[in-house]
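Participant: One line per chain: the protein sequences are A and B, in this order. Residue 245 is where the first sequence starts when you use the numbering used here, and the numbers rise one by one after that. Residue 9 is where the second sequence starts when you use the numbering used here, and the numbers rise one by one after that.
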Amino acid sequence: MKKTIIIGIAFWLAGLSPAFGADNWPVPEEYNVMDNPVEFNNQNVRAGRDIYDKNCKSCHGDPGNYNALPLVPPPPDAASEIMQANSDGQLYYKITIGRGAMPQFETTLGSDDIWRAITYIRRFDPRNEGKLVEEALRKGKIYALVGNYNSTIDIVAEEELTDNNIPLSNTTIFVRAKKTFGNLLVGSITTDENGRASYAIPQDMKVKSDGQVDFILSLNDDFETVTFSVSGVQVKQPDSNVELPRVLWSTNDRTQIWLLFTYFAALIGGWTVIGYVILQIYKLFRLGRNNKP
Amino acid sequence: MNNANSRRNFLKMAGLTAASAGVAASAGFLSSCNRIEAVEGDRIKLLTSSGELVEVDRASLTPAEIPSLTENQKRGRAGLPGRKWVMVIDLARCRNARKCMEACQTHHQLRPEQHHMNVLQMKDAENTSPYYMPKPCMHCDNPPCTKVCPVNATFKREDGIVLIDNERCIGCRFCIAACPYSARVFNWLEPRDSEKYVGVTYNIEANVPQKKGTISKCLFSADRLRDGKLPSCVSACPNSVYWFGDQNEDAVTNGTTGETVSFSNLIRDNAGYTLLEELGTKPRVYYLPPKGRAFPYQGEIHPS
Chain A
245 MKKTIIIGIA
255 FWLAGLSPAF
265 GADNWPVPEE
275 YNVMDNPVEF
285 NNQNVRAGRD
295 IYDKNCKSCH
305 GDPGNYNALP
315 LVPPPPDAAS
325 EIMQANSDGQ
335 LYYKITIGRG
345 AMPQFETTLG
355 SDDIWRAITY
365 IRRFDPRNEG
375 KLVEEALRKG
385 KIYALVGNYN
395 STIDIVAEEE
405 LTDNNIPLSN
415 TTIFVRAKKT
425 FGNLLVGSIT
435 TDENGRASYA
445 IPQDMKVKSD
455 GQVDFILSLN
465 DDFETVTFSV
475 SGVQVKQPDS
485 NVELPRVLWS
495 TNDRTQIWLL
505 FTYFAALIGG
515 WTVIGYVILQ
525 IYKLFRLGRN
535 NKP
Chain B
9 MNNANSRRNF
19 LKMAGLTAAS
29 AGVAASAGFL
39 SSCNRIEAVE
49 GDRIKLLTSS
59 GELVEVDRAS
69 LTPAEIPSLT
79 ENQKRGRAGL
89 PGRKWVMVID
99 LARCRNARKC
109 MEACQTHHQL
119 RPEQHHMNVL
129 QMKDAENTSP
139 YYMPKPCMHC
149 DNPPCTKVCP
159 VNATFKREDG
169 IVLIDNERCI
179 GCRFCIAACP
189 YSARVFNWLE
199 PRDSEKYVGV
209 TYNIEANVPQ
219 KKGTISKCLF
229 SADRLRDGKL
239 PSCVSACPNS
249 VYWFGDQNED
259 AVTNGTTGET
269 VSFSNLIRDN
279 AGYTLLEELG
289 TKPRVYYLPP
299 KGRAFPYQGE
309 IHPS
């Protein structure tokens, strides 16, 4: 009897364990021994960061900041012990298959991208501390002007060194257009040996109804974050307001003209006929009264 | 003659003086009403526009400039100039978390059974896989609902949003019958939290305060759009289901990740479609088919 109770309690505790945060997400044996085929270097970590920010951040938060969404079970922070206790293969399995609120990324991400995201997560592993020598970010500067009757953006880029500035040659500059709720990447351009580039504004570009657009120029990840905005470029003629079409079955202000015309013509015509008849009857009455014998 | 004239003048002057004194006195009285008595340590509870109850010191209060009902109605009818709002719903990413519904019901003062935004469980044919489908108002460019309204209470704005004016609505429910998407709800009972909204000026762009005996519907959170924010449902989604933006700019932004993409590319590359387009309603809400699901179908309403 005593044994049964003890076994019962043991089972009950085992059932409760997920509620205490203990990880009992079983991973098939073949995944445990998998190795990350992606090399642990700056470039892959950066690529992994972009994938993480797009797919993982909304629930898991910024690594190390412990600002994950308060879900049940809680999504662990990428820098946390719970996350780092997983082997690469276990992470790969969990990201691929998903469970509950964790999506199954096999349908939306390629395996390369999943491995890169894992590479990024591993950057926060204490065992990897100091392994990755972050190159010091270079300092860049961008200047731009709208030229050629609003058809190009003429860009000059230079690098700030300790004593002087030199032109940035063969560097990619990203061009983004400012939209209502975010910035849309519209193109990129590489500078020539003098650090100059000329971005041709696409003529079929869709912009706000005033025909204006703000461009935001930026450099790649080798540089400290630097942006230059070119505001209020008149790309096309301003639109007139959106026309609401006149339709058959509608309220007076939006119904079709011919319908309004027919209706009012019939109305006025009808009353005119009635008025005319009454007038004639009145005339007859007058005639009858005046011609009394 | 001269005497009578002067008496008339005297009476005139006396009358004018009394009248102006009255005006001055009442103006003083009214302006004293406008001021808030400052008593140190006196704290009062206030409901913010985002629906939170906060407590502030009475001394730090100043009367806000609140647009009058008529102004609200006027600007609510005009809409935001030069805009054409559009929403894209990615069915492959919906997990039935229902955060959109919660955010919507809080924002628009809806009872638990009333939905501007509703997540439906769909199955198209016998052998196809079921999926979740969030369904807001389609904000049709050719809306059947606005045309049946006998009092012009519901209308289409220039920026594409279909709104309802509760001050005009007579509760005939013709629009509910006309809408092929069942996007409209009726306030059969006192609205949620109605006691908190007593005396609040009606905001046509949020349809708050709700009124018993009138229609309510999804408004793309027109009040938030005026402030440059994404609609409540779009911001609340944890699974990147919603994209929202301006079709004139050809850009939509994801409410979860903040990523901005080209609207025309998004719906072209992912075979976007609209609901019941054979009716000619021209919806402004696009769906991306549930292919390559982020979550398997769980077959039950997720408890939240």
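Every residue gets a Cβ at the ideal spot worked out from N, C-alpha and C, and that includes glycine.
1) Residue range of the beta strand (DSSP E) that Tyr205 (chain B) falls in?
2) Hey, quick one: how far does the beta strand (DSSP E) through Asn309 (chain A) stretch, first residue to last?
3) Using alpha carbons as the reference points, say which of B:Asn215, B:Lys143, B:Arg200 lies closest to Arg292 (chain B).
4) Starting from Ile399 (chain A), follow the beta strand (DSSP E) in both directions and report where the run begins and ends.
5) I'd like the span of the alpha helix (DSSP H) that includes Arg276 (chain B), first residue to last.
6) Is there a Cβ of chain B sitting closer than 8 angstroms to that of Gly431 (chain A), yes or no?
7) Excluding the 5 residues preceding and the 5 following Asn280 (chain A) in the sequence, name in chain order all residues of the same chain whose CB lies nearer than 7 angstroms to its CB.
8) Can you list, in chain order, the residues of its chain with a C-beta nearer than 6 angstroms to that of Val451 (chain A)? Leave out the 5 residues immediately preceding and following it.
9) If you check the beta carbons only, do Leu461 (chain A) and Ile410 (chain A) fall under 8 angstroms apart?
10) Let me know the secondary structure DSSP gives Ser229 (chain B) once reduced to three states.
11) Less than 8 angstroms separating the beta-carbons of Gln117 (chain B) and Tyr205 (chain B)?
12) In whole angstroms, give me the CA-to-CA distance for Asp149 (chain B) and Glu350 (chain A).
13) Does the Cβ of Thr434 (chain A) have 16 or more other Cβ atoms within 10 Å, making it buried, or fewer, making it exposed?
14) When the Cα atoms are used, what is the spatial distance from Asn276 (chain A) to Tyr250 (chain B)?
15) Out of curiosity, what's the CA-to-CA distance linking Leu69 (chain B) and Thr56 (chain B)?
16) Quick one: which chain B residues come within Cβ less than 9 angstroms of Gly342 (chain A)?
17) Return helix, strand or coil for Leu353 (chain A), following the three-state DSSP convention.
18) Looking at the strands, I want to know which residues DSSP matches up with Asn409 (chain A).
19) Whole angstroms are fine: how far does the CA of Thr78 (chain B) sit from the CA of Lys225 (chain B)?
20) Going by DSSP, which residues form a beta bridge with Asp98 (chain B)?
21) Smallest Cα separation from Glu273 (chain A): which of A:Gly292, A:Tyr337, A:Lys527?
22) Where does Val193 (chain B) sit, in a helix, a strand or coil, going by DSSP?
23) Could you compute how far the alpha carbon of Ser442 (chain A) sits from the alpha carbon of Ile397 (chain A)?
24) Could you tell me whether any Cβ in chain A is nearer than 8 angstroms to the Cβ of Leu238 (chain B)?
25) For Gln218 (chain B), count neighbouring Cβ atoms within 10 angstroms of its own Cβ and tell me buried if that reaches 16, exposed if not.
26) Would you mind telling me which residues of chain C sit closer than 8 angstroms to Gln348 (chain A), beta carbon to beta carbon, in chain order?
27) Curious, which full-length beta strand (DSSP E) runs of at least 3 residues does the stretch 414-456 of chain A contain?
28) Got a sec: is the Cβ-Cβ distance from Val269 (chain B) to anything in chain A below 8 angstroms?
29) Report yes if the C-beta distance between Ile301 (chain B) and Ala111 (chain B) is below 8 angstroms; otherwise report no.
30) Taking Cβ to Cβ, would you say Gly305 (chain A) is nearer than 8 angstroms to Asn299 (chain A)?
31) Under 8 angstroms between the Cβ atoms of Leu227 (chain B) and Leu284 (chain B)?
32) With a cut-off of 8 angstroms, does the C-beta of Glu257 (chain B) fall near any C-beta of chain A?
33) Name the two residues that bound the continuous beta strand (DSSP E) containing Trp251 (chain B).
34) Would you give the residue range spanned by the beta strand (DSSP E) that Met314 (chain B) belongs to?
35) Between Phe228 (chain B) and chain A, is there a C-beta pair that is closer than 8 angstroms?
36) Would you give the residue range spanned by the beta strand (DSSP E) that Ala323 (chain A) belongs to?
Facilitator: Once the coordinates are examined:
1) Note, Tyr205 (chain B): premise wrong, no beta strand (DSSP E); not H, not E.
2) First-last for Asn309 (chain A): undefined, no H or E at that position.
3) B:Lys143
4) 396-404
5) 271-277
6) no
7) Asp332, Trp359, Ile362, Thr363
8) Val457, Val479
9) no
10) coil
11) yes
12) 38 angstroms
13) exposed
14) 36 angstroms
15) 13 angstroms
16) Ala302, Phe303, Pro304
17) coil
18) A:Glu404
19) 21 angstroms
20) B:Leu296
21) A:Tyr337
22) strand
23) 6 angstroms
24) yes
25) buried
26) Among the chains of the structure shown, chain C does not appear; the protein chains present are A and B.
27) 416-422, 427-434, 440-444
28) yes
29) Correcting the residue identity first, residue 301 (chain B) is Arg in this sequence and not Ile. Their beta carbons are not under 8 angstroms apart, which means Arg301 (chain B) does not touch Ala111 (chain B) by this criterion.
30) no
31) no
32) yes
33) 250-254
34) Because chain B here runs from 9 to 312, residue 314 (chain B) falls outside it and cannot be looked at.
35) no
36) Per DSSP, Ala323 (chain A) belongs to no beta strand (DSSP E) and is neither H nor E.
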